[in-house]
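Undergrad: Structure in structure tokens, see below.
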Amino acid sequence: MDLSYLDGLGHLERDLGICGHFGLHHGFPGLCKRINLKRVVRLRAQLNDVSNEPLNPFAHVSETLCNATNAQTSETHDTEINTHDSETHLTETNSHVSETHYTETHSHVSETHYTETNPHVAISQYNQTNAHLADTHDRGVGDADMDSNASPHEQELLRSIINTAKSLPVDTMSTNFFNPYRKGISNTDCDLLLQLFGDEGLISQALHLLDWMGLQDPSMVSPKSYSIVFLLLGKAGLPENLWVLFEDMPDGKEFHCVNVYNALISGFSSCSRYDDAWKVFEEMEMRNIGPDSVTCTSLITIMTKSGEKAKDTWQFFERMSKNGVEWSSEIFGSLIKSFCNKGLMKESLIVLSEMERHSFEPNVDIFNTLIDAFGKANQLEEAEWLFLEMKDKHLQLTVSTYNSLIDAYSKKGRHGVVEELIQEMEQLGLNPDVWTFTYLISAYAMQKKMSDKAANAFLRMRKRDIFPSSHSYTALIHAYSIDDWHEKAYITFEEMIREGLKPSIETYTILLDGYRRVGDTQKLMEIWKMMMEDGIEGTRVIFNILVDGFAKLGHCLEARKVICEFGKKGLKPNVMTYNMLINAYARAGWHTKCPQVLKEMVAAGLKPDAYTYSTLIYAYFRVRDFRKASYYHKEMIKNKQTSNSVSYKKMKALLDAHRTIKSKRDKKAALTQIRKQIGLPSRNKQPQEFWKNKKKSTNRVSD
Numbered sequence: 024m025d026l027s028y029l030d031g032l033g034h035l036e037r038d039l040g041i042c043g044h045f046g047l048h049h050g051f052p053g054l055c056k057r058i059n060l061k062r063v064v065r066l067r068a069q070l071n072d073v074s075n076e077p078l079n080p081f082a083h084v085s086e087t088l089c090n091a092t093n094a095q096t097s098e099t100h101d102t103e104i105n106t107h108d109s110e111t112h113l114t115e116t117n118s119h120v121s122e123t124h125y126t127e128t129h130s131h132v133s134e135t136h137y138t139e140t141n142p143h144v145a146i147s148q149y150n151q152t153n154a155h156l157a158d159t160h161d162r163g164v165g166d167a168d169m170d171s172n173a174s175p176h177e178q179e180l181l182r183s184i185i186n187t188a189k190s191l192p193v194d195t196m197s198t199n200f201f202n203p204y205r206k207g208i209s210n211t212d213c214d215l216l217l218q219l220f221g222d223e224g225l226i227s228q229a230l231h232l233l234d235w236m237g238l239q240d241p242s243m244v245s246p247k248s249y250s251i252v253f254l255l256l257g258k259a260g261l262p263e264n265l266w267v268l269f270e271d272m273p274d275g276k277e278f279h280c281v282n283v284y285n286a287l288i289s290g291f292s293s294c295s296r297y298d299d300a301w302k303v304f305e306e307m308e309m310r311n312i313g314p315d316s317v318t319c320t321s322l323i324t325i326m327t328k329s330g331e332k333a334k335d336t337w338q339f340f341e342r343m344s345k346n347g348v349e350w351s352s353e354i355f356g357s358l359i360k361s362f363c364n365k366g367l368m369k370e371s372l373i374v375l376s377e378m379e380r381h382s383f384e385p386n387v388d389i390f391n392t393l394i395d396a397f398g399k400a401n402q403l404e405e406a407e408w409l410f411l412e413m414k415d416k417h418l419q420l421t422v423s424t425y426n427s428l429i430d431a432y433s434k435k436g437r438h439g440v441v442e443e444l445i446q447e448m449e450q451l452g453l454n455p456d457v458w459t460f461t462y463l464i465s466a467y468a469m470q471k472k473m474s475d476k477a478a479n480a481f482l483r484m485r486k487r488d489i490f491p492s493s494h495s496y497t498a499l500i501h502a503y504s505i506d507d508w509h510e511k512a513y514i515t516f517e518e519m520i521r522e523g524l525k526p527s528i529e530t531y532t533i534l535l536d537g538y539r540r541v542g543d544t545q546k547l548m549e550i551w552k553m554m555m556e557d558g559i560e561g562t563r564v565i566f567n568i569l570v571d572g573f574a575k576l577g578h579c580l581e582a583r584k585v586i587c588e589f590g591k592k593g594l595k596p597n598v599m600t601y602n603m604l605i606n607a608y609a610r611a612g613w614h615t616k617c618p619q620v621l622k623e624m625v626a627a628g629l630k631p632d633a634y635t636y637s638t639l640i641y642a643y644f645r646v647r648d649f650r651k652a653s654y655y656h657k658e659m660i661k662n663k664q665t666s667n668s669v670s671y672k673k674m675k676a677l678l679d680a681h682r683t684i685k686s687k688r689d690k691k692a693a694l695t696q697i698r699k700q701i702g703l704p705s706r707n708k709q710p711q712e713f714w715k716n717k718k719k720s721t722n723r724v725s726d
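Structure follows, in structure tokens:
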């Protein structure tokens, strides 16, 4: 199967006929304004033409992944700031940091529901493939499930048990509590009661109930009972209890089955105890318990969360396939999620194609994952194409679908497109949520002189009774900061605290940067102390903001204190920090200290860059020491460092001004010598001796 055309993904032309086929002619008139249709991918039409599939439909994916490098893994890089253009660069840096936080920390794509099924589904459909998963949060099993599994009398009895258990202190709870209800509840009721205890957060009561069920004759404990409790303990974050319960589990074959082990793996996954989950899988292999598609899906999801390489994930999938594990939509979904997390967009589309070829229809969550990934990769045409594919397949568009697109456009500052997408949402009967408005505020914050519109979007959110999150406030603070309204930014910050929201590291970063630009060092120190009192560890970006803020005003001692304070936390000064420190001494008029800082920098094993030398040159230009400035310019050339064009223009302007003044002085001195030689009187006027006439003028006034 030739998939070479995928190398040009995003640059192929697409006819209007195909665009119309994918739903452009019905319901999406705004798409023509958002993107260039000639660059939208003609991918689906070409994939449908591919035939004669090979024995291994993923051969091309395997070949690509085997050649993958460590660069495909997710890495976080420290942001660097240009010393001489630090104001602009720091603004962009903090903008990126804040944007990343309120667009990525919350996954508006529903965190892969195909891999994280809620406990209710897992329990009520125990014999189905998604019996193992319990990673989805904030999804209760409530009265609806109880109504469908119990008679009215049983419902009343179960509610009575729960209410009584809730009223008792935990220390007084024991297995004897359930003895009066022995004749009134069945095995099924006990399993349902375990589940309901978990929904109420009564984990201790659930464990007492499980013990009581095991003490009955005959025992009321079933594999399903253990599966339920494994899921509950995982959701409660009690991994040690999981191991204890697993070791106490009966040795019967009916208990050591794939469904129970799937629930245990899911429990450890919920606790982020991925090594323990792999130990459970090894135990399965030792007991010759064959994994199923649910096991495969869970472990692929765990590999994705733990940051394993995509190549390793793919090899595990091939291993499971060879062991006879049947493919499922959940497995395909977890693979697509893994590839998207590693930036392997082409491979994720190949998996999507093969998924459909093998009659597995992708669901809304898979499309949302792909749209979100392409949006974050700045491939808007491909994201829009997938958006049209959803419409063409008659899949229900969700708020998460629109939020993915809105997020992508907000990063580009295209607030007009974001407003259009929100309007489309409302026409489809979808209500924008807090993330929708946060992205809208973020879009306005990407451009100057848009803080009023950002504030208006914030008010629109409040009028809809949508409670702003800390990310929403951070976006608004960013909008004010970009427009140099640092007073309004601080007022918004105080309002955020009054609302009971804890500022994040990005909130403090943006706020500090605003006061750095206006040179308010007192406020810088105040906010920095407030941040430390909140227990928020400073980052290198904040480190450089503080140093640069003091350096611009020539506050050398304060800059030194910041460097010392962050050094205690393991953040050693880098080249950029030393450049700022040199700049601080230069602005303070202590240019004689600059060579000493340069020696400190070299002693720390750091190599001076072009900005270091440019800062030194400027320092000596300020005091008209052109000999020293020329020396460091030669050193810069000697070390093969080249300054940028802006710096050279500034240096040339200073030298030209110096040359003009010097030529005037030389000309004046030469003319004076010539007049002296030919006997002409000097043009120099005698200094006015006002003091000689002071008495006379005083007397004249008195007369």
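All residue numbers for the sequence shown refer to the working numbering, where the first residue is 24 and numbers rise by one. The C-beta atom is built at its ideal place from N, Cα and C for all residues, glycine as well. Computed from a predicted model, the values in this text were never measured in an experiment.
Whose C-beta lies closer than 8 Å to the C-beta of Gly542 among residues of the same chain, with five residues either side of it excluded?
TA: Cβ neighbours of Gly542 beyond the five flanking positions: Gly572, Lys575 and Leu576.
Undergrad: Suppose contacts are defined by Cβ-Cβ distances below 9 Å. Is Leu403 in contact with Ala431 by that definition?
TA: Yes; because the gap between Cβ atoms is below 9 Å, this pair is in contact.
Undergrad: Does the distance from the CB of Phe278 to the CB of Tyr249 come in under 9 Å?
TA: In this structure, Tyr249 lies closer than 9 Å to Phe278 by Cβ.
Undergrad: I need the straight-line Cα distance from Lys369 to Trp408, nearest angstrom please.
TA: For Lys369 and Trp408, the distance between alpha carbons rounds to 14 Å.
Undergrad: Please report the Cβ distance between Ser352 and Asn386, rounded to the nearest whole angstrom; I am assuming they are in contact, meaning their Cβ atoms lie under 8 Å.
TA: With a Cβ gap of about 7 Å, Ser352 and Asn386 count as contacting.
Undergrad: Just checking my contact of Glu560 with Lys592 at CB under 8 Å: how many whole Å lie between their CB atoms?
TA: Confirmed, about 7 Å.
Undergrad: Is it the case that the Cβ atoms of Ile208 and Leu256 are separated by a distance below 9 Å?
TA: Going by C-beta atoms, Ile208 is not nearer than 9 Å to Leu256.
Undergrad: So which of Thr187, Ile312 and Cys587 has the shortest CA-CA distance to Val283?
TA: With distances taken between Cα atoms, Val283 lies closest to Ile312.
Undergrad: Looking only at C-alpha atoms, which of Thr544, Glu549 and Lys595 sits nearest to His578?
TA: Of the listed residues, the one whose Cα sits closest to His578 is Thr544.
Undergrad: Under DSSP, the alpha helix (DSSP H) around Leu482 begins and ends at which residues?
TA: Start and end: Ser474 to Lys486.
Undergrad: Check whether the Cβ atoms of Ile605 and Leu621 lie closer than 9 Å to each other.
TA: Closer than 9 Å, so yes.
Undergrad: What would DSSP say about Pro175, mapped onto helix, strand or coil?
TA: DSSP places Pro175 in helix when its eight states are reduced to three.
Undergrad: Taking 9 Å as the cut-off, decide whether the C-beta atoms of Ser326 and Thr318 are in contact.
TA: A quick correction: the sequence has Met, not Ser, at residue 326. Against a cut-off of 9 Å, the Cβ pair of Thr318 and Met326 comes out as no contact.
Undergrad: Taking one C-beta from the segment 486-494 and one from the segment 503-515 each time, how about it: are there three or more such pairs within less than 8 Å?
TA: With the cut-off at 8 Å, the segment 486-494 and the segment 503-515 do not touch.
Undergrad: Just tell me which of Val374, Gly366 and Glu384 has its CA closest to the CA of Ala396.
TA: Among Val374, Gly366 and Glu384, the Cα nearest to that of Ala396 is on Gly366.
Undergrad: I need the DSSP call for Met378, collapsed to helix, strand or coil.
TA: The answer is helix: DSSP assigns Met378 an H, G or I state.
Undergrad: Using only alpha-carbon positions, find the residue among Ala652, Gln218, Pro192 and Arg342 that is nearest to His614.
TA: For His614, the nearest C-alpha among the options comes from Ala652.
Undergrad: Would you list, in sequence order, the uninterrupted alpha helix (DSSP H) runs of no fewer than 4 residues that lie entirely inside the segment 573-641?
TA: The segment 573-641 contains these whole alpha helix (DSSP H) runs: 579-591, 598-610 and 617-626.
Undergrad: Are there three or more Cβ pairs, one per stretch, closer than 8 Å when the segment 460-467 is compared with the segment 479-488?
TA: Segments in contact, yes.
Undergrad: For the ligand ATP, I want to know if Phe516 counts as a neighbour, meaning its beta carbon is within less than 8 Å of at least one of the ligand's heavy atoms.
TA: Among the ligands in the structure shown, none appear at all, so the ligand ATP cannot be discussed.
Undergrad: Can you find the residues in the same chain that come closer than 8 Å, C-beta to C-beta, to Glu263, ignoring five residues on each side of it along the sequence?
TA: Correct list: empty, nothing qualifies.
Undergrad: What's the C-alpha gap between Thr683 and Ala676?
TA: Thr683 and Ala676: Cα-Cα distance of roughly 11 Å.
Undergrad: Inspect the beta-carbon positions of Ser666 and Ala626 and report whether they are closer than 9 Å.
TA: Taking 9 Å as the Cβ cut-off, Ser666 and Ala626 do not qualify as a contacting pair.
Undergrad: Hey, quick one: how far does the alpha helix (DSSP H) through Ile312 stretch, first residue to last?
TA: Per DSSP, Ile312 belongs to no alpha helix (DSSP H) and is neither H nor E.
Undergrad: Over the uninterrupted alpha helix (DSSP H) stretch that includes Phe291, give me the two end residues.
TA: Element bounds for Phe291: Val281 to Ser293.
Undergrad: In terms of alpha-carbon separation, which member of Phe566, Tyr204 and Pro246 lies closest to Arg271?
TA: The sequence as given places Asp at residue 271; Arg does not occur at that position. Closest option to Asp271, Cα to Cα, is Pro246.
Undergrad: Let me know the alpha helix (DSSP H) ranges lying completely inside the segment 382-466, each 4 residues or longer, listed in chain order.
TA: Entirely contained in the segment 382-466, the alpha helix (DSSP H) runs reaching 4 residues are, in chain order, 387-399, 403-415, 422-434 and 438-450.
Undergrad: Since Leu535 and Leu569 should fall inside the 8 Å C-beta cutoff, what is the C-beta to C-beta distance between them, to a whole number of angstroms?
TA: Yes, Leu535 and Leu569 are in contact; Cβ-Cβ is about 7 Å, under 8 Å.
Undergrad: State buried or exposed for Asn602, treating a residue as buried only when at least 16 other CB atoms are found within 10 Å of its CB.
TA: Buried is the call here.
Undergrad: Name the two residues that bound the continuous alpha helix (DSSP H) containing Gly260.
TA: That residue, Gly260, is in no alpha helix (DSSP H); it is neither H nor E in DSSP.
Undergrad: Assuming Cys617 and Ala582 are in contact, meaning their beta carbons sit under 8 Å apart, how far apart are those beta carbons, in whole angstroms?
TA: Rounded, the Cβ-Cβ distance is 13 Å, inconsistent with contact.
Undergrad: Can you name the start and end residues of the alpha helix (DSSP H) that Arg342 belongs to?
TA: Here the alpha helix (DSSP H) through Arg342 covers Ala333 to Lys345.
Undergrad: Tell me the rounded alpha-carbon separation between Glu76 and Arg380.
TA: Low confidence applies here, because Glu76 scores a pLDDT of 42, under 50, leaving its location unreliable and the question unanswered by this model.
Undergrad: Counting along the chain, where does the alpha helix (DSSP H) carrying Asn364 start and finish?
TA: Segment Ser352 to Asn364, the alpha helix (DSSP H) holding Asn364.
Undergrad: On the three-state DSSP scale, how would you describe Pro203?
TA: Of the three classes helix, strand and coil, the one that applies to Pro203 here is helix, per DSSP.
Undergrad: Would you mind reading off the limits of the alpha helix (DSSP H) that contains Thr515?
TA: Start and end: His509 to Arg521.
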